[in-house]
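Participant:
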Amino acid sequence: MSDFVGGNRNSRGVKRLAFLAFAGIGLALIATSFVLLLDEPSDSWLIAGVGVVCAAALELTWVRVGAVAHRSPMISLPVLALPALAPTLSLPVSAGLIALGVLLAILIESGRASVALYSAGLQGAGALAAIGLFTWFGAGGLPILVGVAAASVGYVFFIIATEVLRQRFVASPLGRRSGGRPLSPLRVLLVLVGTVVVTVTAAHWSVVGLPFLVEVTNTLDAVIVLFALMIVASVVKVSTVMAVMRHRLAGMVAATSALAADPATGPSGWVTPTSPATTGIGAMSAADNTYPATSAADATPEPEPGSPAAVTDLLRRVVADAIGAESVIVRSEPAQPGEISMLLPLAGAIGPDQYIVARRDAMDGAFTGNDRRALQALATTAEMVVRARRNIAGLTLRANTDPLTSLPNYGAFQEALANINDHRDYSEALAVLFIDLDEFKRLNDRFGHQTGDEVLRELGRRLSAVVRPNDVVARVGGDEFVIILTHLASLAEAKSIAERILVVSGEPMLIGQTTHSPIISVGLAYSAHRETDVNQLVQDADRSMLAIKKSRRRGGPSKESSLNISSHRSSQMNDIIAHAIDEDLLELAFQPIVSLVTGQIWAFEALVRYTDPDLGPLSPPSIVEKAKGLGRLDAMTRQVAVKAMAAAADFRLIEPRVVCMTINVEAGQILPERVGNYIEELADRYPGISLCLELNERSMTKVTPAIRAQADRLRDLGMMIALDDYGSQDSSVDALVRMPMDILKIDRSLVDDLDDIRQREVLTALQGFGDNLEYSMIVEGVENDAMANHLSALGIRSAQGFHYGVPESFEKTLSRLELHGARAVVPRLGITLVS
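So the sequence shown is numbered by the numbering used here: it starts at 5 and just counts up by one.
#1: So, helix, strand or coil for V601, using DSSP?
#2: Give every residue of the same chain whose Cβ lies closer than 8 Å to the Cβ of N448, excluding the five residues on either side of it in the sequence, and list them in chain order.
#3: Out of D688, H794, P625, which one is the CA nearest neighbour of V786?
#4: On the CB-based measure, 16 or more other CB atoms within 10 Å of its CB, does R377 come out buried or exposed?
#5: Taking only the alpha-carbon atoms, compute the straight-line gap between T405 and H807 and give it to the nearest angstrom.
#6: Between V436 and V470, which are expected to be in contact by the criterion C-beta below 8 Å, what is the C-beta distance as a whole number of angstroms?
#7: Apart from the five residues on each side of it in sequence, which residues of its chain come closer than 6 Å, Cβ to Cβ, to G680?
#8: Cα separation between Q771 and K499?
#9: DSSP on H824, reduced to helix/strand/coil?
#10: Kindly indicate which three-state DSSP category F23 falls into: helix, strand or coil?
#11: Do the CB positions of A502 and V526 come within less than 8 Å of each other?
#12: Cβ atoms of V323 and L408: under 8 Å apart, would you say?
#13: Do you know offhand how far G774's Cα is from I747's?
#14: Would you mind giving the Cβ-Cβ distance between V240 and T65, rounded to the nearest angstrom? I have them listed as a contact below 8 Å.
#15: Buried or exposed: R364, going by 16 or more other Cβ atoms within 10 Å of its Cβ?
#16: Taking DSSP's pairing of strands, which residues face T518 in a bridge?
#17: For the alpha helix (DSSP H) containing Y690, list its first residue and its last residue.
#18: Going straight from the alpha carbon of H427 to that of A247, what length do you get?
#19: Would you be able to state if there are at least three C-beta pairs under 8 Å between the segment 656 to 676 and the segment 692 to 700?
#20: Quick one: which unbroken alpha helix (DSSP H) runs of 4-plus residues sit fully inside the segment 398 to 446? Chain order, please.
#21: Can you tell me whether I501 is helix, strand or coil according to DSSP?
#22: Grouping DSSP H, G and I as helix and E and B as strand, with all else coil, what is F451?
#23: Quick one: what's Y359 bridged to in DSSP?
#24: Indicate whether I683 and C664 have their beta-carbon atoms separated by less than 8 Å.
#25: What would DSSP say about D375, mapped onto helix, strand or coil?
#26: Near V54, what residues of its chain come up, given a Cβ to Cβ distance below 6 Å and the 5 sequence neighbours on each side ignored?
#27: Report the residue from H583, T641, D586 whose alpha carbon sits nearest the alpha carbon of L611.
#28: Using the Cβ count rule (16 or more neighbours within 10 Å means buried), how would you classify D292?
#29: Alpha carbon to alpha carbon, how far is G30 from Q127? Give it in angstroms, no decimals.
#30: Could you give the distance in angstroms between the alpha-carbon of P338 and the alpha-carbon of L33?
#31: With a threshold of 7 Å on Cβ separation, who are the neighbours of T166 within its own chain once the five nearest residues in sequence on each side are excluded?
#32: Among the residues of its own chain, which have a CB less than 6 Å from the CB of F814, if the five just before and after it don't count?
#33: Going by beta carbon distance, what residues of the same chain come within less than 6 Å of A90, once the five residues before and after it are set aside?
#34: Is there a C-beta anywhere in chain C that falls below 8 Å from the one on L196?
#35: Under DSSP, the alpha helix (DSSP H) around I627 begins and ends at which residues?
#36: Given that a residue counts as buried once 16 or more other Cβ atoms are within 10 Å of its Cβ, and exposed if not, what is H453?
The structure is reproduced here in structure tokens:
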């Protein structure tokens, strides 16, 4: 650090000495030329005036001799006027006039006296060097034009060498760290050739006269040559300006596009003076308070997108490209001499005023009014982009946020899940928890929507508090929440977190004057590998949650929160289900259907089950859905049907009052070409048992005349058709008349509160409807004796639910019949819920 500071001090000392030396040379030459001109005739004053103007024009026509814009040396060629002045004016006077022209040009262009004096001295010293070479070659007897060529070459090398040394030892330490500013050999060669050609031509015309003109005086020849040089300089200057304007326009377009498109630009995009871009190597110099513009020489590690350093880097790059600058910074101080700056309009809203400041090397051409306007336009564009992004960010946030709980909504959840799935390692596990708040409708009806809203808000807070920082909690429906568990190592870890959620969410909450104990149903779907269809994971979690709710409707425990783990295991699950069906490994569980009139079992419903040796019990809804997706649903149904009927035959040997077995199928499956013919043959093998096909209502929406005709045929053959789960989801009266049927199974959602007169009236109406249409009615989800008594009082004749028995394996069902016969209700000690 001490070396760095010491280097700065040495640099400033050398800089002062160089300035004093060249300023002294320039002033001395100008003063000498005026003194010598006092003794010259009036024609000399005319040539002197034109010479000053010509030198000024040539000074403003600069040429870059390096390949790096605004970071490599530039030279101007006012010495080209020297051959035209020398025949009529003395060489010292000519050198002084050149210095005067440079001084006036720089003062007018930049208004900086120090730069003007330095430039005048530099060009004057170059002219003296050229004069010295010309004199030396002339003394050696060489032709004049050879001396002129040698003098012009010497002048070019003198200016380039001086500028390289200045930039090496006098410029900021940042420039020195970058290894200097390289020259382009081709550019240097072109400058040398051009300078020699022009100076030799001007010298020749000044001596022998201009071609194609009548003979005139030397004075007029000199004036004409000087004007010709000014014309050439003007043409070159205009061309240069046009090229600069085209570059600036292209830079402005590119800069505007970059500002609008760069993701780092945001509501808090303006940087602070302490951003990473202002520290360390490549940071602000204590001497000149500038940063280097972006280049390969000072490349730094990419800043984090969206960080203050990223926005700083973007602003620096677009401004440097648009207006051309050696360095661009964002700082709290406005421009100093040799710089231009613009206040960032939005900076004051988030902290101290900030300025974007551009700087060029003192000898690199002063900033123009167009440069200032371009900088202002970029600052204004940045302001508009920041405001637009802030507004868009606000709209996006509102569009993706649930207004009640301030959690992400369903759209944001889907986007987050897809993004997490797409960007995780293939072996990185995640899980989706689908959470439903039970009895929420009743809570709203009893305590009001304000209480319900507060319960949802509190549940959202609890879920957010219990998960880990990288997990995602979202509200996706009225009383439904979803959680994405990320960076999981195992299913056990996901299950542990889910169980902690059950405990925390179920703690009593005081809302107003009432204490509520939430009961939730949680379906968990675990994904060990990256999913090709991540929506399938959500569907499996949803089905697992719905399986809990369905089990509650059928009499399962309803006073405590429950967790059901889906069998989803990415692509592994497909192989497991396919293998289980292909190898006929599926098992069945049987749940009794009882008569409320006789108090006896008269039928069983067969439910599919499978336990994988490694994964354990798989979710029945997932088994069915996977079988359907794999094209094996019909094969699975045939296996279920044959096992169910064989079991029914064994049950009937023990208890003859068991006369019916029901299985679940989709409506389209009863067609002959699918399972229709198979079940016809199967029913013929068991003439004493009625086979009942339970059609889920979702499949009834695609009933065709052929399906209805097949249903009539099966009924004529002695089989029964049932409509399952009526009253759930989007049930309609239309479903009752769309398909010929014998049994209507009522979903638990219509009987969960039989103290409500509306439910009793609906059941009475459906019972009357069934009597008129000649179908029987079975009510599912009977959980206790009170519900059974209510149903009996309403004239309901059949029921099913956990009050009468949970689904049990063939062996346990056979044992029950042996011990208790067809009794509807038996002691349930030791009976456990099979989900």
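Here a beta-carbon is modelled for each residue, glycine too, at the ideal position from N, C-alpha and C.
Facilitator: Answer, in terms of the structure:
#1: Coil, per DSSP.
#2: Closer than 8 Å at Cβ, skipping near neighbours: T455, G456.
#3: Ranking the options by Cα distance to V786, first place goes to H794.
#4: Classification of R377: exposed, given that the 10 Å Cβ count is below 16.
#5: Looking at the two C-alpha atoms, the distance is approximately 43 Å.
#6: In fact, because the Cβ distance is near 16 Å, the residues do not count as touching under 8 Å.
#7: Correct list, in chain order: I674, Q714.
#8: Looking at the two C-alpha atoms, the distance is approximately 43 Å.
#9: If DSSP states are grouped into helix, strand and coil, H824 belongs with the helices.
#10: Correct three-state label for F23: helix.
#11: Cβ distance < 8 Å, so A502 and V526 count as in contact.
#12: Result no, Cβ atoms of L408 and V323 do not sit closer than 8 Å.
#13: Approximately 9 Å between the Cα atoms of the pair.
#14: Right, the Cβ-Cβ distance comes to about 5 Å (below 8 Å), so this counts as a contact.
#15: Here R364 is buried, its C-beta having at least 16 other C-beta atoms within 10 Å.
#16: I515.
#17: DSSP places Y690 outside any alpha helix (DSSP H), giving it a letter other than H or E.
#18: Straight-line measurement puts the Cα of A247 at about 46 Å from the Cα of H427.
#19: Result yes; three or more Cβ-Cβ pairs closer than 8 Å.
#20: Taken in chain order, the unbroken stretches of alpha helix (DSSP H) that lie wholly in the segment 398 to 446 and span 4 residues or more are 414 to 427.
#21: In this structure, I501 counts as helix in the three-state DSSP scheme.
#22: In this structure, F451 counts as helix in the three-state DSSP scheme.
#23: Partner residues in the beta bridge of Y359, as assigned by DSSP, are R335, L347.
#24: In this structure, C664 does not lie closer than 8 Å to I683 by Cβ.
#25: Here D375 sits in helix by DSSP.
#26: So the list reads V227, L230, once near-sequence residues are dropped.
#27: Among H583, T641, D586, the Cα nearest to that of L611 is on T641.
#28: Legend: pLDDT at D292 = 35, less than 50; position of this residue unreliable, value from coordinates given subsequently. Classification for D292: buried.
#29: Answer to the nearest angstrom: the Cα atoms are 8 Å apart.
#30: A direct Cα-Cα distance of roughly 37 Å separates P338 from L33.
#31: Here the set comprises L126.
#32: If we look at F814 and ignore the five residues flanking it on each side, its Cβ neighbours are A651.
#33: Hits under 6 Å: S98.
#34: Among the protein chains of the structure shown there is no chain C, as only one such chain exists.
#35: Per DSSP, the unbroken alpha helix (DSSP H) holding I627 starts and ends at 624 to 633.
#36: H453 should be labelled exposed.
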